[in-house]
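*Asks:* Going from the sequence shown to my numbering is simple: count from 1 and add 172. Ideal Cβ positions, reconstructed from N, Cα and C, are used throughout, including at glycine. Since we're looking at a predicted model, the values are computed, not measured.
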Amino acid sequence: MSLLVVGLSHRSAPVSVLERASLPADAKTKLLHDTLAAEPATEATVLATCNRIELYADVDKFHAGVAELSTLLAQHSGVALEELTPYLYVHYEDRAVHHLFSVACGLDSMVVGEGQILGQIKDALALGQEQHSAGRLINDLFQQALRVGKRAHSETGIDRAGQSLVTFGLQQLAVHTPVAEWASGKRALVIGAGSMSSLAAATLARVGIAEIAVANRTAERAERLAEILVASGTGVRASAIPMAEVADELTRVDVVVSCTGATGLVLTADDVLAAVSFGAVPGPAPAGPVAADAVPSVPAQAGPGPADADVLARLVAAAEVGARLADAGAARTISAPADTEADGCPVGLDGRSALTGVDASSLELHGTWADQGEAAAQRQPRRSARTQAHATDVRLALLDLAMPRDIDAAVHRIPGVRLVDIESLAEASADAPMAADVDAVRGIVAQEVAAFGAAQRAAHITPTVVALRAMAAEVVAMEVARLDGRLPDLDERQRAEVTQTVRRVVDKLLHAPTVRVKQLASEPGGAGYADALRELFDLDPQTVASVSRADAADPKNDDPGRAS
């Protein structure tokens, strides 16, 4: 087995690079054909999702294979090789198998344990089969990966963290309230009409959102998604709106999910502040600047009163001039837990000092510190009551599934706003009480990788064993024919008995060595036993090769569970 994987994912590359390197269907097909045309590769398929692009191939030369596959990925993605190379990772042989099995179990997903990847692996296998680029190794590998993923989900509790990114994000927005109860009757805005946005819209409709507005740069795609939602049978009301009306729509909705390919912010803190400052009553957005007294008041226990008013006034001032909020943590100090330690904070807990006389870098460091402090506080059991109370006071819930972000991180410092983004999802997933399940899945992956490797190594020697038995059968036939010439008076019964006796002798002599050589070949480093067998019995290499070709062409070999 010489399996090679070259790829990039959300773990190795920023989403901006992943987006540029994305492969449409025709590009994936062309990539597979060009991979097979390349000298090092004999079979291949590609696994391409919004979070990863991986090219799997059976190669006969490692270094040449890496160079060729990397070049092909760059050519077909449209990203220059020198730009793509720093983000590429390479796995070979057993490590490549381990990687795919981990991916299939959701261990390499943005939200650990998510199950959508199994469908994407199935699609990758189907693509290789349709294009006739998947041979025995790719078929065996991907079918086994599907079984490993299903085993992980059935034998462990990894499904507790295995919701789709959308479902997991909605659970974070709902805090301790059941999602269906939290969503019931709400109005939502979905920004974007790609695969993730479409999934988000469908999920919102399924959990009970009453009305969904879809905004997208291409109006036709937004309209198409709205039509699909209406026809889904969930009873949701859906319509498409122009991107120019998003700011107005914010004043009328309770939930926003955004996932676009934009390189800049889609929703600024100014937009969100204006929407929640206008109030919860549906209606047109105010024509002029938002007045300071229009901002919702902050509960008294949230922090010192004078500092709160000062921070809010400055936020409103930023909104009035139409500037993006430079604050990376000042408003967060409004609700910072009183018992949170200030160790490591470059600014301190005073809201005024966070806005005056401090450079932007320190503000960002302070924002990071404040966010970590609040997240840590919310994870403490003693804060659970406060967290739930906060969820009931949310005026606008925002779910940002884009990388880079669509929504300004500063918005969750605005009273009445709750923001969940990719970073907070990753943190919540990492902190989920599922360490034992993850360890159990890792154990399953290790077992399956060892079993797959053993099966592949054993299968590697099978053509040699078949060729040996074919040679023995030929020797038996020749000797029986020679016996017929010497003893022509033997009747049919006697001739059959002699022939069967000779065959039994040969079979018994070959049985133990061939069984043992398969066992030895299945162990690491056992590939040399096939060569030794060919050398000892002087087997014709062409005969062995013909058996291998016939074996690979047998449709039954699509079943990796077949006995070798």
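Consult DSSP for A568 and reduce its assignment to one of helix, strand or coil.
*Replies:* First, the residue type needs correcting, since residue 568 is Leu and not Ala in the sequence shown. Three-state DSSP puts L568 in a strand.
*Asks:* If we require 4 or more residues per run, which alpha helix (DSSP H) segments fall completely within the region 327–368?
*Replies:* Qualifying alpha helix (DSSP H) stretches, in chain order: 337–346 and 351–355.
*Asks:* Using the C-alpha atoms, what's the distance from A193 back to A242?
*Replies:* Sequence check: residue 242 is Ser here, not Ala. When rounded, the distance between both Cα atoms is 12 Å.
*Asks:* Quick one: is L244 buried, meaning 16 or more other Cβ sit within 10 Å of its Cβ, or exposed?
*Replies:* The residue is buried, with at least 16 neighbouring Cβ atoms inside 10 Å.
*Asks:* Measure the CB-CB distance between L337 and L573 and report whether it falls below 8 Å.
*Replies:* Cβ distance < 8 Å, so L337 and L573 count as in contact.
*Asks:* Would you kindly check if the distance between the Cβ of A324 and the Cβ of V613 is under 8 Å?
*Replies:* In contact: V613 and A324 (Cβ atoms closer than 8 Å).
*Asks:* Within its chain, find whatever has a CB closer than 7 Å to the CB of A644; leave out the 5 residues flanking it on each side and keep chain order.
*Replies:* Result list for A644: V678 and L682, in chain order.
*Asks:* Which ranges would you report for the alpha helix (DSSP H) in the region 227–259 if only whole runs of at least 4 residues count?
*Replies:* Fully enclosed alpha helix (DSSP H) runs of 4 or longer: 234–249 and 253–256.
*Asks:* DSSP beta-bridge partners for Y701?
*Replies:* In DSSP, Y701 forms no bridge with anything.
*Asks:* Within 10 angstroms of the Cβ of M368, are there 16 or more other Cβ atoms? Answer buried if so, exposed if not.
*Replies:* When all chains shown are included, M368 counts as buried.
*Asks:* How big is the Cα-Cα spacing for C222 and L195?
*Replies:* Taking the straight line joining both Cα atoms gives about 10 Å.
*Asks:* With a threshold of 8 Å on Cβ separation, who are the neighbours of A412 within its own chain once the five nearest residues in sequence on each side are excluded?
*Replies:* Excluding positions up to five away in sequence, the list reads A385, V386, A387, N388, A391, A394, E395, L397 and A398.
*Asks:* Would you report the Cα separation of R567 and P350, rounded to the nearest angstrom?
*Replies:* Roughly 18 Å separates the two Cα atoms.
*Asks:* For the beta strand (DSSP E) containing S274, list its first residue and its last residue.
*Replies:* Taken as a continuous stretch (DSSP letters only), S274 belongs to no beta strand (DSSP E), being part of the alpha helix (DSSP H) at D266 to A276.
*Asks:* Output the residue ranges of the beta strand (DSSP E) runs that lie fully inside the region 569–642 and measure 3 residues or longer, sorted by chain position.
*Replies:* Segments of the beta strand (DSSP E) lying fully in the region 569–642: 589–593.
*Asks:* Going by CA-CA distance only, name the one from L279, R688 and I225 that's closest to D609.
*Replies:* Closest by alpha carbon: L279.
*Asks:* Beta-carbon separation of L439 and I579 under 8 Å?
*Replies:* In this structure, I579 lies closer than 8 Å to L439 by Cβ.
*Asks:* Between the Cα of A220 and the Cα atoms of E211, D230, H248 and P212, which residue gives the shortest distance?
*Replies:* Nearest option by C-alpha distance: H248.
*Asks:* Verify whether the separation of the beta carbon atoms of L290 and L571 is less than 8 Å.
*Replies:* No, the Cβ-Cβ distance between L290 and L571 is not below 8 Å.
*Asks:* Report all residues from its chain with a CB closer than 8 Å to the CB of P414; omit the five preceding and five following residues, and keep chain order.
*Replies:* Result list for P414: A387 and A391, in chain order.
*Asks:* Around the Cβ of D312, are there at least 16 other Cβ atoms within 10 angstroms (buried) or fewer (exposed)?
*Replies:* That one is buried.
*Asks:* Would V379 and A355 qualify as a contact pair, given that the criterion is a beta-carbon distance under 8 Å?
*Replies:* Cβ distance < 8 Å, so V379 and A355 count as in contact.
*Asks:* Could you tell me the alpha carbon to alpha carbon distance between T432 and T257, rounded to whole angstroms?
*Replies:* Roughly 25 Å separates the two Cα atoms.
*Asks:* What does DSSP give as the partner residue(s) for I381 in the beta ladder?
*Replies:* According to DSSP, I381 bridges with nothing at all.
*Asks:* Is T221 helix, strand or coil by DSSP?
*Replies:* Note: T221 maps to coil in three-state DSSP.
*Asks:* Work out the CA separation of F234 and V648 for me, nearest whole Å.
*Replies:* Whole-angstrom Cα-Cα distance: 43 Å.
*Asks:* Distance check for G588 and V347, CA to CA, integer angstroms please.
*Replies:* Near 14 Å, if we compare the C-alpha coordinates of G588 and V347.
*Asks:* Hey, quick one: how far does the alpha helix (DSSP H) through L422 stretch, first residue to last?
*Replies:* L422 -> alpha helix (DSSP H) spans V418 to L422.
*Asks:* Enumerate in chain order the residues of its own chain whose CB-to-CB distance from R675 is below 6 Å, with the five nearest sequence positions on each side excluded.
*Replies:* Excluding positions up to five away in sequence, the list reads V648.
*Asks:* Where does the unbroken beta strand (DSSP E) through L744 begin, and where does it stop?
*Replies:* Examination of residue 744 is not possible in this model, given that the chain is present from 173 through 736 alone.
*Asks:* Quick check: is the beta carbon of L682 nearer than 8 Å to any beta carbon in chain B?
*Replies:* Absent here is chain B; the protein component of the structure consists of one chain.
*Asks:* In angstroms with no decimal places, state the Cα-to-Cα distance between V408 and F624.
*Replies:* So the alpha carbons of these two residues sit roughly 47 Å apart.
*Asks:* Per DSSP, what kind of secondary structure is T432 in: helix, strand or coil?
*Replies:* In the structure shown, T432 sits in coil (DSSP, three-state: anything other than H, G, I, E or B).
*Asks:* Which partner residues does S411 have in the DSSP bridge list?
*Replies:* According to DSSP, which records beta bridges pairwise, S411 is partnered with A385.
*Asks:* I310 and G300 - do their beta-carbons sit closer together than 8 Å?
*Replies:* Contact flag set, yes.
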